[in-house]
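Participant: Numbering (UniProt numbering), first residue to last: 9 to 348. Note that the Cβ used here is the ideal one computed from N, Cα and C, for glycine as well.
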Amino acid sequence: LEHRLMADIDAAPDEAALEAVRVAALGKKGAVSDRLKTLGKMTPDERKLAGPLLNQLKERLSVAIAARKEILEHAALEARLSQETVDVTLPVTQRPVGKIHPVSHVFAEIEAIFAEMGFTVRTGPDIEDDFHNFTALNFPQGHPAREMHDTFFLEANETGEQKVLRTHTSPVQVRTMMTETPPIRIIAPGRTFRCDSDQTHTPMFHQVEGLVIDKETHLGHLKGTLEAFVRAFFEIDDVATRFRPHFFPFTEPSAEMDVAYERQGGKITFGKGDKWMEILGCGMVHPNVLRNCGIDPDIYQGFAFGMGVDRLAMLKYGIPDLREFFAGDTDWLNHYGFAP
Ligand code: PHE
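This is the structure we're talking about:
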């Protein structure tokens with residue numbers, strides 16, 4: 009019997025056949041089970057002899073079945089692997105690829121231009137305290153200049169302090185001057201917030217701050233730097249710009265820089281035209297600000313600027329309405345966005 013069953017196990021061509029052999033041998037009605045049933049009719053002495061022999065047979069068969077099973081499984085896997093191949097010549101299914109938002113694109117362009125001029129990047133928090141956003145920048149308490157910025161205030165904390173969503177990137181000037189020693193030549197890109205909304209204003213917008221502090225810095229450096237920037241950014245030499253005198257508490261003298269543009273229907277073009285778009289504020293850093301930040305104004309001077317990134321993007325890429333920048337419309341992004 010053992011001989012025959014062992015031969016059947018070895019000959020089983022696949023797992024189903026092996027299972028049939030197993031049932032025929034060890035199943036409830038199988039050959040070995042039949043033999044076990046005969047034990048009851050034996051004398052105790054016969055049983056003592058036959059019982060262990062049958063159990064050992066059962067054990068040997070089980071081991072043999074398991075071994076054969078492993079061989080068959082392995083063979084089945086090998087067979088499947090040899091059949092399954094990848095046809096690398098099949099056409100791929102195109103997955104949609106996203107676009108880079110114009111603001112992200114323009115941030116990268118601005119950073120590259122200033123990097124070439126030797127500026128490095130600094131950042132600061134979106135949620136600022138009154139000191140960095142206003143006081144250190146020479147906005148006196150209760151001064152009307154604070155109301156120039158339609159500030160978003162946070163609820164007061166336990167100590168009664170009211171944080172703000174920074175209204176400009178200028179607090180990064182303060183953070184940099186307080187922690188670094190001149191010469192300083194940095195830009196600070198980031199998000200800014202003011203309670204305002206129309207074609208050229210959104211409650212959240214973007215600025216790149218610039219700050220240069222050194223021993224002999226003057227207005228000529230400021231103008232030269234910004235004009236070089238505008239030429240590099242718009243990629244033409246004759247962009248019509250103008251500096252208008254302005255007031256900022258943290259610079260003296262102060263100015264705003266405008267770029268000429270025109271609107272034709274739904275499109276805007278930059279460089280020339282009958283309209284001016286303000287793109288940045290700038291000026292020589294006020295001595296009070298230097299003092300507030302631990303820098304001696306008798307030794308160091310400098311200039312600063314803060315440019316509106318979204319407006320630069322509008323002008324350069326002819327995008328008519330600023331509010332659409334942040335509407336989350338994928339059709340808009342597919343149209344105005346940049347390939348990654
Ligand atoms: N912080 C100013 C604004 O947001 C811009 C500015 C920056 C002006 C630096 C002067 C110097 O309006």
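Quick check: is any heavy atom of the ligand PHE less than 7 Å from the C-beta of residue 151?
Facilitator: On the sequence shown, position 143 is the one that residue 151 refers to. Checking the Cβ of residue 151 against the ligand PHE gives no.
Participant: Starting from the C-beta of residue 171, find all residues in its chain whose C-beta is less than 7 Å away, skip the five residues before and the five after it, and write them out in chain order.
Facilitator: Taking the sequence shown and counting its residues from 1, the one referred to as residue 171 is at position 163. Excluding residues within five positions, the ones whose Cβ falls inside 7 Å are 135, 136, 137 and 162.
Participant: Start and end of the alpha helix (DSSP H) containing residue 122?
Facilitator: As a working mapping, residue 122 is identified with position 114 in the sequence shown. Its alpha helix (DSSP H) spans residues 110-124.
Participant: Provide the residue(s) that pair with residue 284 in DSSP beta bridges, ordered along the chain.
Facilitator: For this step, residue 284 is matched to residue 276 along the sequence shown. According to DSSP, residue 284 bridges with 268.
Participant: Can you tell which of 251, 325 and 58 has its C-alpha closest to the C-alpha of residue 243?
Facilitator: Locating residue 243 in the sequence shown gives position 235, where the first residue counts as 1. With distances taken between Cα atoms, residue 243 lies closest to 325.
Participant: Beta-carbon within less than 7 Å of residue 277's beta-carbon, same chain only, minus the 5 sequence neighbours each way: which residues are those?
Facilitator: Translated into the one-based positions of the sequence shown, residue 277 becomes position 269. Cβ neighbours of residue 277 beyond the five flanking positions: 269, 270 and 326.
Participant: Note the first and the last residue of the continuous alpha helix (DSSP H) segment covering residue 17.
Facilitator: Walking along the sequence shown from the start, residue 17 turns up at place 9. Taken as a continuous stretch (DSSP letters only), the alpha helix (DSSP H) holding residue 17 covers 10-19.
Participant: Output the distance between the C-alpha atoms of residue 36 and residue 53, rounded to the nearest integer angstrom.
Facilitator: Taking the sequence shown and counting its residues from 1, one reaches residue 36 at position 28. Taking the sequence shown and counting its residues from 1, one reaches residue 53 at position 45. If you take the alpha carbons of residue 36 and residue 53, they lie about 26 Å apart.
Participant: Is residue 127 buried or exposed, if buried means 16 or more other CB atoms sit within 10 Å of its CB?
Facilitator: Taking the sequence shown and counting its residues from 1, the one referred to as residue 127 is at position 119. Looking at its Cβ environment, which holds 16 or more other Cβ atoms inside 10 Å, residue 127 is buried.
Participant: In three-state DSSP terms, what is residue 79?
Facilitator: If you number the sequence shown from 1, residue 79 lands on position 71. Helix.
Participant: Per DSSP, what kind of secondary structure is residue 73 in: helix, strand or coil?
Facilitator: Position 65 of the sequence shown, counted from the start, is the residue given in the question as residue 73. Looking at residue 73 - three-state DSSP - the assignment turns out to be helix.
Participant: Shorter than 7 Å, the distance from the beta carbon of residue 217 to the closest heavy atom of the ligand PHE, or not?
Facilitator: Here residue 217 is taken as the residue at index 209 of the sequence shown, counted from 1. Yes, since a heavy atom of the ligand PHE falls inside the 7 Å radius drawn around the Cβ of residue 217.
Participant: DSSP on residue 48, reduced to helix/strand/coil?
Facilitator: The count along the sequence shown starts at 1 and reaches residue 48 at position 40. The answer is helix: DSSP assigns residue 48 an H, G or I state.
Participant: Secondary structure at residue 291, three-state DSSP: helix, strand or coil?
Facilitator: Position 283 of the sequence shown, counted from the start, is the residue given in the question as residue 291. Correct three-state label for residue 291: strand.
Participant: Spatial neighbours of residue 111 within its chain, please: C-beta separation below 8 Å, excluding the five flanking residues on both sides.
Facilitator: Translated into the one-based positions of the sequence shown, residue 111 becomes position 103. For residue 111, where only same-chain residues beyond five positions count, the Cβ hits under 8 Å are 214, 317, 318, 321 and 333.
Participant: Can the beta-carbon of residue 349 be found less than 8 Å from the beta-carbon of residue 227?
Facilitator: No answer is possible for residue 349: the residues shown for the chain start at 9 and end at 348.
Participant: On the criterion of 16 or more Cβ atoms from any shown chain inside 10 Å, does residue 165 qualify as buried, or is it exposed?
Facilitator: Position 157 of the sequence shown, counted from the start, is the residue given in the question as residue 165. Under this definition residue 165 is an exposed residue.
Participant: Note down, in chain order, each residue of its chain lying with its Cβ closer than 6 Å to the Cβ of residue 66, except the 5 sequence neighbours on either side.
Facilitator: One-based indexing of the sequence shown puts residue 66 at position 58. Correct list, in chain order: 40.
Participant: Along the chain, where does the alpha helix (DSSP H) that runs through residue 181 open and close?
Facilitator: Position 173 of the sequence shown, counting from 1, holds the residue named residue 181. Looking at the DSSP string, the run of the alpha helix (DSSP H) that includes residue 181 is 179-187.
Participant: Figure out for me which residue from 169, 68 and 194 has the closest Cα to the Cα of residue 177.
Facilitator: Counting from one through the sequence shown, the residue named residue 177 turns up at place 169. Among 169, 68 and 194, the Cα nearest to that of residue 177 belongs to 194.
Participant: What do you reckon, are the CB atoms on residue 34 and residue 61 nearer than 8 Å?
Facilitator: Translated into the one-based positions of the sequence shown, residue 34 becomes position 26. Translated into the one-based positions of the sequence shown, residue 61 becomes position 53. Taking 8 Å as the Cβ cut-off, residue 34 and residue 61 do not qualify as a contacting pair.
Participant: At the level of alpha carbons, what is the spacing between residue 204 and residue 313?
Facilitator: Here the question's residue 204 lines up with position 196 in the sequence shown. Here the question's residue 313 lines up with position 305 in the sequence shown. Their backbone Cα atoms lie some 21 Å apart in a straight line.
Participant: Quick check: the Cα distance between residue 149 and residue 256, rounded to an integer number of angstroms?
Facilitator: As a working mapping, residue 149 is identified with position 141 in the sequence shown. As a working mapping, residue 256 is identified with position 248 in the sequence shown. Their backbone Cα atoms lie some 15 Å apart in a straight line.
Participant: What is the C-beta distance between residue 117 and residue 241, in whole angstroms, given that I count them as a contact (C-beta under 8 Å)?
Facilitator: Along the sequence shown, read from residue 1 onward, the residue named residue 117 stands at position 109. Along the sequence shown, read from residue 1 onward, the residue named residue 241 stands at position 233. Going by Cβ atoms, the distance from residue 117 to residue 241 rounds to 7 Å, so yes, they are a contact pair.
Participant: Once you ignore the five residues that flank residue 190 on each side, which residues in its own chain have a CB closer than 7 Å to its CB?
Facilitator: Taking the sequence shown and counting its residues from 1, one reaches residue 190 at position 182. Taken in chain order, the residues that qualify are 221, 222, 303 and 308.
Participant: Below 7 Å, is the gap between the Cβ of residue 289 and the nearest heavy atom of the ligand SAH?
Facilitator: Absence of the ligand SAH is noted for the structure shown, with the ligand PHE being the only ligands found.
Participant: Judging by CA-CA distance, which residue of 263, 13 and 238 is the nearest neighbour of residue 246?
Facilitator: Numbered from 1 along the sequence shown, position 238 holds the residue referred to as residue 246. Residue 238 is the option with its Cα nearest to residue 246.
Participant: Along the alpha helix (DSSP H) that carries residue 339, what are the first and last residues, could you check?
Facilitator: To locate residue 339, count along the sequence shown from 1; it is residue 331. Here the alpha helix (DSSP H) through residue 339 covers 338-344.
Participant: Just verifying my parser: in three-state terms, what is the DSSP assignment at residue 233?
Facilitator: Residue mapping note: residue 233 aligns to position 225 of the sequence shown, counting from 1. Residue state, collapsed to three classes: helix.
Participant: Classify residue 315: buried if its beta carbon has 16 or more other beta carbons within 10 angstroms, exposed otherwise.
Facilitator: As a working note, residue 315 is residue 307 in the sequence shown. Per the 10 Å Cβ criterion, buried.
Participant: Given 7 Å as the limit, tell me if residue 205 has its C-beta closer than that to any heavy atom belonging to the ligand PHE.
Facilitator: In the sequence shown, counting from the first residue as 1, residue 205 sits at position 197. The answer is no for residue 205.
Participant: How big is the Cα-Cα spacing for residue 282 and residue 267?
Facilitator: The sequence position of residue 282 within the sequence shown is 274, counting from 1. The sequence position of residue 267 within the sequence shown is 259, counting from 1. Looking at the two C-alpha atoms, the distance is approximately 10 Å.
Participant: For a test of your reading of the model: does the CB of residue 144 fall under 7 Å from any non-hydrogen atom of the ligand PHE? Yes or no.
Facilitator: One-based indexing of the sequence shown puts residue 144 at position 136. Residue 144: no, Cβ never under 7 Å from the ligand PHE.
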